[in-house]
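Single-structure report; data block below.
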Amino acid sequence: MAVQKVADVSSFRTSELNTRGSVPPAAVPGFRHFLGTPTPSQRFRAFGIDPLESPSHHAKLRGLMHRLSRRMDAAIKWPSHQVRSLEHWENPSIPSGYTYLLQFIAHDLVHSAIPLSVAGGLGRGTTNARRTPLRLETLYGSGPVGSPHIYALDAPNDDRRTKLRLGRMRWKENEPATGCPFRDIARTPAENVTGIDRSIKGVRVALTEALVADPRNDDHAVMSQLTALFALLHNGLIDLIRRQEDNAGPNDRFGAAYKRFLCAREALTAIYHNIIRKDLMRRVIHPAIYQAYSCPKPDFIDRPDPAEGLAIGDWEIPFEFSHGAFRFGHAMVRHEYRINDLSLHDLNNTLEKSSANDPLNMPLDETWMVQWSRFFEISGSKPNFSRRIGPYLSDGLGNDQIFPAFDDTERVGLLYRDLLGAGLAGMWSVDALIAEIGKRKPHLIATSRLLADRAYRIGMLREWLRAAPAYGTLSAADIETVSNDPPLPFFILFEAMQQPHSEGLHLGPLGSIIVSEVIFGVLACDPRLADGASLAERLASISREFYPANVLQEIPDISSMAQLVQFTTEIAELQQAVPAFL
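Shown next as structure tokens:
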């Protein structure tokens, strides 16, 4: 779901990028198609024309996606909640911390040099570098040897690195006596060969570089704070393991240090997987689909070779997930956030808080230190809730500084990028995708009239597109082509909005199937999950790989983000932190 800025390519126009000779849809390294590569007749079309086969048609495609994105600027009239204190658009089922956990997961699944929408077509720069999905590569990079800049030295005169580097927060006023100051990600200045220096001489140094494995984890303040949360937990696990080590052996320096690091990394990965399975997916997936996929051995339909299973080293992500269904997280982003007891920040301000955009005000000060009970339900707290899922994005995601125009439509914002990227990816059409899933899992398609009844689906889409005529100025031809062949990310949001009795509170069946096949499919590749092993059993198995005794036995059964935050508070000794951590 990544809220991803592209400042390094924002000045490019698509005419400046080489998009000649569009590559076949299955030939982009790191990507593939859901349920196999669709035939030309099964691919998405705009005005009856396949964008992959007719690059000259791209201008009309851009115009259509521009107008559709404008139609999606109209706020949705959601039904009211029983709890009157909630705004109609709020989703009490999904606190807003999960919005950014989804973004973190997106970074752990996809890493491309240039977004497809900006590149203008499949090819150079759009490959996916992730080959080991959901292994916290977005947090750990290539480890202490491959990515030493993100790791702290263990001790003076000791070049071992096992802890993730953190940075001191900044205080606007005098620093209090209590609390851990290391609450931000690490940041540093850097000399520039171009001679550009964003510092104010004698006043403040510009911290332009975020010392993180994945620069997208400093896209904005909440994202960098979530990254710091995971780093604090990793560092606490290092200390927990160190206390139980036997240092009398001959290999008590480098070997012991890296063994400790690997054990902590595997433990945190197991916790992360447990939360994805039992907490996050339960909240965002349609209940019937979650029940079908959360069992120990789901019946997967998206397997390149069912006889051999999925080899993680050869893993590729489906376009229909990365450029389609998983974009739903963008609709969950609020227009403002209560960060802690001290501050309420609007989305524009939040998005601009990064080393790239605001280096003179880095590190983050106390008004940006996330109090996690504001983002997850912890001990009865009332967090910021995410937005309901539907075809509408908060105004801040149209920020022209973060998401500037990049083509002749002059359309700014994230929404147009999502729609255009999907149109250029050669993905399955919604009709063909429903038909193909219906052949393999007809009972799941039958649960939804929107999926099972094409005439009803077209009618519902047509009715919605005709509403709010002041937005988008969609023509009759526009409405007919989108009704009959909707772009996948738009339809996933539309489907979620149309869920009976739970409008926008979770994904609909089609979105849920695509997301479940990919996420649960990756989790199923972990051999420690065989036969539904508990977290305690997995942690014990991890410990045995490195130590004779179970050095991880003090870790409780963490199956939710609330429990992860509570354990991190304890293990990092942040109970009395100022500003409050919990």
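Counting from 231, one number per residue, gives the positions in the sequence shown under our numbering.
C-beta: ideal position from N, C-alpha, C; glycine also.
Sequence-distant residues of the same chain with beta carbon closer than 6 angstroms to residue i, five excluded per side
i	result
Gly539	Note that Gly539 scores a pLDDT of 44, beneath 50, so its modelled location is shaky and nothing firm can be said.
Ala754	none
Ile801	Gly466
Ser552	Val340
Ile324	Arg513, Ser616
Ala698	Ala304
Arg400	Pro593, Asp595
Leu782	Ala497, Leu769, Ser773
Residue from the options with nearest C-alpha to residue i
i	options	result
Leu794	Val452, Leu459, Gln474	Leu459
Asp303	Thr799, Phe720, Leu769, Ala754	Phe720
Ala276	Ser286, Gly260, Leu294	Leu294
Gln521	Tyr488, Leu291, Phe750, Asp787	Phe750
Arg641	Pro589, His296, Asp280	His296
Lys508	Ser524, Cys493, Ala518, Pro517	Ser524
Phe606	Phe334, Ser271, Ser326	Ser326
Ser609	Ala792, Arg390, Thr356, Trp319	Ala792
Asp637	Ser678, Pro374, Ala289	Ala289
Asn629	Leu804, Asn579, Gly702	Asn579
His575	Ser732, Thr711, Val600	Val600
Arg262	Thr677, Met399, Glu550, Ser284	Glu550
Pro285	Ser342, Ala655, Ile743	Ala655
Gly278	Ile709, Thr639, Leu804	Ile709
Leu572	Glu596, Pro778, Met592, His565	Glu596
Pro739	Ala807, Phe797, Ala682, Leu463	Ala682
Arg360	Ile547, Leu649, Thr392, Ala518	Ile547
Arg390	Ala486, Leu590, Arg513	Ala486
Gln272	Asp661, Met399, Ala436, Asn422	Asp661
Glu733	Leu364, His516, Lys402, Leu462	His516
Ser790	Leu510, Leu695, Glu475, Pro445	Leu510
Asp544	Ser611, Thr362, Thr424	Thr362
Pro445	Thr368, Met690, Arg684	Thr368
Same chain, Cβ closer than 7 angstroms to residue i, neighbours up to 5 away in sequence not counted
i	result
Ala561	Arg617, Ile619, Gly620, Tyr622, Leu623, Leu723
Lys583	His450, Ala451, Leu594, Trp598
Arg250	Summary for Arg250: the model assigns pLDDT 39, below 50, so the residue's position carries little reliability, and this model does not support an answer.
Ala416	Arg395, Leu396, Gly397, Leu441
Phe741	According to the sequence provided, residue 741 is Gly. The question's Phe does not apply to it. Within the same chain, Gly741 has close Cβ partners Ala555, Phe558, Ile722, Glu725, Ala726.
Gly653	Phe274, Ala276, Pro281, Leu291, Met295, Pro717
Leu581	His450, Gly626, Asn629, Ile632
Leu577	Val563, Arg564, His565, Glu566, Ser624, Gly626
Ser310	His318
Leu649	Met295, Leu298, Ser299, Pro717, Pro719, Phe720
Tyr701	Arg300, Arg301, Asp303, Ala304
Glu784	Leu470
Thr677	Ala518, Pro739
Unbroken alpha helix (DSSP H) run spanning residue i, endpoints
i	result
His464	451-474
Tyr567	Run containing Tyr567: none in the alpha helix (DSSP H); it sits in the beta strand (DSSP E), 566-570.
Phe750	739-753
Leu339	327-339
Arg513	511-514
Trp694	684-696
Thr799	791-801
Thr677	Element bounds for Thr677: n/a, residue is neither H nor E.
Asp708	706-714
Nonlocal neighbours in the same chain, by C-beta distance under 8 angstroms from residue i, ignoring five residues either side
i	result
Leu366	Asp338, Phe460, Arg495, Leu498, Thr499, Tyr502
Ile531	Leu265, Ile667, Arg670, Lys671, Glu747
Glu439	Arg417, Thr418, Pro419, Ala420, Ser585
Arg472	Arg490
Thr392	Pro374, Tyr381, Asp384, Ile468, Ala487, Tyr488, Arg490, Phe491, Ala494
Integer Cβ distance of residue i from residue j, believed to fall under 8 angstroms
i	j	result
Val452	Tyr328	No, Val452 and Tyr328 are not in contact; Cβ-Cβ is about 12 angstroms, not under 8 angstroms.
Gly651	Pro345	6 angstroms
Ser603	Leu735	Going by Cβ atoms, the distance from Ser603 to Leu735 rounds to 22 angstroms, so no, they are not a contact pair.
Leu680	Gln728	6 angstroms
Asn358	His341	7 angstroms
Trp658	Pro268	5 angstroms
Asn504	Leu737	Their Cβ separation, rounded to whole angstroms, is 21 angstroms, which puts Asn504 and Leu737 out of contact at 8 angstroms.
Asp809	Asn570	One point to set straight first is that residue 809 is Pro, not Asp, in the sequence displayed. Going by Cβ atoms, the distance from Pro809 to Asn570 rounds to 5 angstroms, so yes, they are a contact pair.
Gln805	Thr799	6 angstroms
Leu590	Arg413	Contact doesn't hold; Cβ gap of about 19 angstroms is too wide.
For residue i, the residue or residues it bridges with in DSSP
i	result
Lys393	Ala382
Ile279	Ala276
Arg365	DSSP lists no partner for Arg365.
Glu439	Thr418
Phe261	Ile547
Ser616	Asn321
Ile430	Arg434
Asp595	Arg400
Trp658	Arg273
Terminal residues of the beta strand (DSSP E) in which residue i lies
i	result
Leu574	573-576
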